[in-house]
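Reviewing the structure listed below.
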Amino acid sequence: LSPVCLGSLRRAASINAEYMGYQAEKKATPEAIPAPPEYPPLPVDDLDAMVKMTQETLSKLINRPKMAEKFLKRPPYRFIHDMLRNLIAATGFPEGFTDDELDQKQTKDKAMKSRVMQKLIKIVSETCGEQLPTQAKKFYLDSSQRRQTIC
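In our numbering, the protein residues as written are 88 to 238.
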């Protein structure tokens, strides 16, 4: 995912964590609970700012993979998959992935990679309330087939 998409994933994970906290509070107390805070807009035109924001946010949630700048600027599929697996293990978000989709040995073929990426894009888009500007097929092309930045 590009920094824009990673920023959206970061925001979606944060929204999910707040929602889960809200649900727990809602069950615990009957009075009205304030809505989650508004998030400032993502600095989508500033790649370095998006990378830094993603590093700061996701590094607090997961230890692996390391949030290296070179991978955040143009992440390979394996990096995204490792990040997804570790984010699910740490937070439970995003939900809806099968064991086969999370197994690295099962995600070697293009069809499975495409299914995982399409599902991830859909979940993050729905959670954030906006369509991510990307296509799943761009994530599993080898480096010689990539011509543009992913998102």
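Beta carbons are placed, not taken as given, at the ideal position from N, Cα and C, and that holds for glycine. On a predicted model such as this, the values are computed, not experimentally measured, just so you know.
Determine the DSSP secondary structure at residue i, reduced to helix, strand or coil.
i              : result
isoleucine 175 : helix
methionine 29  : In this structure the chain extends from 88 to 238, so residue 29 is not present and cannot be described.
arginine 202   : helix
threonine 56   : Look at the range of the chain in this structure, 88 to 238, and you will see that residue 56 is not part of it.
leucine 189    : helix
isoleucine 167 : helix
lysine 157     : helix
isoleucine 208 : helix
lysine 195     : coil
aspartate 133  : coil
leucine 145    : helix
lysine 113     : With a pLDDT of 48 at lysine 113, under the threshold of 50, the predicted position of this residue should be treated as unreliable, though the coordinate-derived value follows. Three-state result, lysine 113: helix.
I'd like to know whether the C-beta atoms of residue i and residue j end up nearer to each other than 8 Å.
i             : j              : result
proline 130   : methionine 137 : yes
glutamine 191 : histidine 168  : yes
Please report the Cβ distance between residue i and residue j, rounded to the nearest whole angstrom; I am assuming they are in contact, meaning their Cβ atoms lie under 8 Å.
i              : j            : result
isoleucine 208 : proline 181  : About 11 Å; that fails the 8 Å criterion.
tyrosine 164   : lysine 200   : 6 Å
leucine 189    : arginine 172 : 5 Å
Of the residues the options, which one's Cα is nearest the Cα of residue i?
i                 : options                        : result
leucine 159       : Arg172, Pro220, Leu134, Gly183 : Leu134
phenylalanine 166 : Glu125, Thr214, Glu213, Met204 : Met204
threonine 144     : Lys197, Met170, Lys195         : Met170
Please decide whether residue i counts as near chain C, where near means a Cβ-Cβ distance under 8 Å.
i           : result
leucine 148 : Of the chains in the structure shown, none is chain C; there is only one protein chain.
Query raised in the report: Is there contact here, the stretch 166 to 185 with the stretch 144 to 153, by at least three beta-carbon pairs under 8 Å?
Result: yes
Report task. State whether the stretch 182 to 202 contacts the stretch 211 to 220, with contact taken as three or more CB pairs (one from each stretch) at a distance under 8 Å. Result -> no
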